[in-house]
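Trainee: Position 242 (the sequence shown) corresponds to 242 in the UniProt record's numbering; numbering is contiguous. Just so you know, even glycine gets a beta-carbon here, dropped at the ideal spot from N, CA and C. I'd like to ask you about the structure that follows.
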Amino acid sequence: KNMITGTSQADCAILIIAAGTGEFEAGISKDGQTREHALLAYTLGVKQLIVAINKMDTTKWSETRFEEICKETSNFIKKVGFNPKTVAFVPISGWNGDNMIEPSDNCPWYKGWTKETKAGVSKGKTLLEAIDAIEPPTRPTDKPLRLPLQDVYKIGGIGTVPVGRVETGAIKAGMVVTFAPANVTTEVKSVEMHHEQLVEGLPGDNVGFNVKNVSVKEIRRGNVCGDSKNDPPKGAESFNAQVIVLNHPGQIGAGYAPVLDCHTAHIACKFDTLLEKIDRRTGKKMEDSPKFLKSGDAAIVKFIPSKPMCVEAFTDYPPLGRFAVRDMR
């Protein structure tokens with residue numbers, strides 16, 4: 001769960017894989033966390049990945065083990081949707097610090113990582129260099145404001161301060177904003193980031209902003225803030241979405257009610273109607289009104305959230321148009 005709420009905000013994921021005998025195999029097995037985390041990252045829109053193969057000291061820095069893990073991991077991240085060519089694979093020992101910041105002498109066979117993206121080829125040796133090679137995504141500044149709240153604080157002498165990351169548009173002092181689905185409208189008094197006043201918060205900025213005459217009880221995590229005069233966000237009482245069933249024991253039929261994580265909202269939703277089954281790669285319709293869905297299926301489903309929630313068309317506001325569904329456990 002923490003993994004999901006954190007991941008919805010990320011530009012790049014670092015998949016840490018344990019190289020120890022049995023450890024790697026457990027993580028990458030059908031129900032292992034390595035597999036689940038990579039899938040969640042991809043599904044939640046994190047399109048850049050770094051793979052750090054950790055605990056290499058426990059394998060005595062075996063080149064064969066490193067190659068074996070790279071090969072297996074490439075195969076499975078490819079199935080998830082990542083292109084292994086765009087991924088840096090770095091052998092590290094977190095405990096000893098090898099290849100974290102400085103290149104290590106313990107693996108003379110290791111010639112460094114290479115990744116190839118649209119922006120070109122980049123190379124390096126360490127995990128730090130791989131992090132430096134993350135490409136900042138283009139930020140949608142021209143769209144109307146969407147800012148999902150991560151928290152709402154009450155700060156003595158200042159008042160109510162919602163915080164969250166600007167996904168699209170811009171937020172600035174003097175702006176009249178609406179919170180949905182709470183349906184609260186108010187004026188922004190000031191915007192700050194890292195305790196410094198900002199003229200405006202832009203996409204990618206994690207900001208705190210002070211609002212007039214709104215109590216902490218009226219707005220909460222999962223609400224979305226927008227410009228009241230420019231396509232403000234609204235709560236949805238139902239919505240249609242494309243769903244891919246990753247691994248689910250048994251079948252899913254109408255009436256199934258799991259928890260949906262979308263931007264910062266975490267809310268129970270009912271699969272109301274299974275509209276059509278589709279090909280998960282092309283999106284083409286394969287069957288109308290299927291009775292059930294099972295692992296591997298993709299479908300268009302009508303959802304009814306247990307209380308109104310903010311979702312948007314993926315084409316308009318991608319961060320508010322993707323979600324992960326989990327059982328209530």
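Taking only three categories from DSSP, how would you classify M193?
Mentor: Within the sequence shown, numbered from 1, the residue matching residue 193 stands at position 193. DSSP places M193 in strand when its eight states are reduced to three.
Trainee: Could you name the residues that DSSP lists as bridge partners for P84?
Mentor: The count along the sequence shown starts at 1 and reaches residue 84 at position 84. Answer by DSSP bridge pairing: none, since P84 is not bridged.
Trainee: Residues in its own chain within less than 8 Å of L149 by CB, not counting five upstream and five downstream?
Mentor: In the sequence shown, residue 149 corresponds to position 149, counting from 1. For L149, where only same-chain residues beyond five positions count, the Cβ hits under 8 Å are P162, V163, G164, F179, I219, R220, R221, G222, N223, V224, C225 and T264.
Trainee: Can you tell me which of A241, P249, V177 and M193 puts its alpha carbon nearest to the alpha carbon of T186?
Mentor: Residue 186 sits at position 186 when you count from the first residue of the sequence shown. Residue V177 is the option with its Cα nearest to T186.
Trainee: Give me the DSSP bridge partner(s) of I171.
Mentor: Taking the first residue of the sequence shown as 1, we reach residue 171 at position 171. The beta-bridge partner set that DSSP reports for I171 consists of G201.
Trainee: List the DSSP bridge partners of residue 335.
Mentor: Because the chain spans 1 through 329 in this model, residue 335 falls outside it and cannot be assessed.
Trainee: Which value, in whole angstroms, describes the spacing of the CA atoms of I16 and Y42?
Mentor: Along the sequence shown, read from residue 1 onward, the residue named residue 16 stands at position 16. Along the sequence shown, read from residue 1 onward, the residue named residue 42 stands at position 42. Whole-angstrom Cα-Cα distance: 15 Å.
Trainee: Evaluate contact between the segment 124-131 and the segment 86-103, counting only Cβ atoms and requiring at least three cross-stretch pairs below 8 Å.
Mentor: yes
Trainee: Are the beta-carbon atoms belonging to Q242 and A298 less than 8 Å from one another?
Mentor: As a position in the sequence shown, residue 242 is number 242, starting the count at 1. As a position in the sequence shown, residue 298 is number 298, starting the count at 1. For Q242 and A298, yes; Cβs fall inside 8 Å.
Trainee: Would you mind working out which of G321, E276 and P249 sits nearest K30, comparing C-alpha positions?
Mentor: Along the sequence shown, read from residue 1 onward, the residue named residue 30 stands at position 30. Taking only the C-alpha atoms, the option nearest K30 is P249.
Trainee: So the candidates are N247, G81 and K270; which of them puts its Cα closest to the Cα of N240?
Mentor: In the sequence shown, counting from the first residue as 1, residue 240 sits at position 240. Minimum Cα distance to N240 is reached at K270.
Trainee: Using the three-state DSSP reduction, which class does G159 fall into: helix, strand or coil?
Mentor: Working through the sequence shown from its first residue, we reach residue 159 at position 159. It is a strand residue.
Trainee: Alpha carbon to alpha carbon, what distance is there between V245 and E287?
Mentor: Indexing the sequence shown from 1 puts residue 287 at position 287. Indexing the sequence shown from 1 puts residue 245 at position 245. Each residue's alpha carbon lies about 16 Å from the other.
Trainee: Short check: CB of A268 to CB of A257, under 8 Å?
Mentor: Working through the sequence shown from its first residue, we reach residue 268 at position 268. Working through the sequence shown from its first residue, we reach residue 257 at position 257. Yes. Within cutoff.
Trainee: Starting from the C-beta of V311, find all residues in its chain whose C-beta is less than 7 Å away, skip the five residues before and the five after it, and write them out in chain order.
Mentor: Position 311 of the sequence shown holds residue 311. Closer than 7 Å at Cβ, skipping near neighbours: A236, F239, C262, L320 and G321.
Trainee: Could you tell me which of T117, K118, K115 and P91 sits nearest to D105, measuring between CA atoms?
Mentor: The residue you call residue 105 lines up with position 105 of the sequence shown. Checking every option, the nearest Cα to that of D105 belongs to P91.
Trainee: Over the uninterrupted alpha helix (DSSP H) stretch that includes T114, give me the two end residues.
Mentor: For this step, residue 114 is matched to residue 114 along the sequence shown. Counting along the chain, T114 falls outside any alpha helix (DSSP H), though it belongs to the beta strand (DSSP E) covering W113 to T117.
Trainee: So L40 is in the alpha helix (DSSP H); what residue range does that whole segment cover?
Mentor: By one-based count along the sequence shown, residue 40 stands at place 40. First-last of the alpha helix (DSSP H) with L40: Q33 to T43.
Trainee: Looking at G201: is its Cβ nearer than 8 Å to the Cβ of V211?
Mentor: Looking up residue 201 in the sequence shown gives position 201. Looking up residue 211 in the sequence shown gives position 211. For G201 and V211, no; Cβs fall outside 8 Å.
Trainee: By the three-class DSSP mapping on this structure, what secondary structure does N240 have?
Mentor: Within the sequence shown, numbered from 1, the residue matching residue 240 stands at position 240. Strand.
Trainee: Taking 8 Å as the threshold (C-beta atoms), are D272 and L145 in contact?
Mentor: For the purposes of this step, residue 145 is taken as the residue at position 145 of the sequence shown. For the purposes of this step, residue 272 is taken as the residue at position 272 of the sequence shown. Contact flag unset, no.
Trainee: Could you check the C-alpha separation between L275 and Q33 for me, to the nearest Å?
Mentor: Sequence index remark: in the sequence shown, residue 275 carries index 275 (1-based). Sequence index remark: in the sequence shown, residue 33 carries index 33 (1-based). Approximately 31 Å between the Cα atoms of the pair.
Trainee: Can you check DSSP and say which residues form a bridge with Y153?
Mentor: Here residue 153 is taken as the residue at index 153 of the sequence shown, counted from 1. V161, per the DSSP bridge assignment.
Trainee: Nearest CA to the CA of F66: which residue from S289, G169, Q48 and C107?
Mentor: Numbered from its first residue, the sequence shown carries residue 66 at position 66. Nearest C-alpha to F66: C107.
Trainee: Between T59 and A19, how many whole angstroms is the CB-CB distance? I'm expecting something under 8 Å.
Mentor: Counted from its first residue, the sequence shown places residue 59 at position 59. Counted from its first residue, the sequence shown places residue 19 at position 19. Contact holds; Cβ gap of about 5 Å.
Trainee: For G124, which three-state DSSP category applies?
Mentor: As a position in the sequence shown, residue 124 is number 124, starting the count at 1. G124 falls in the strand class under three-state DSSP.
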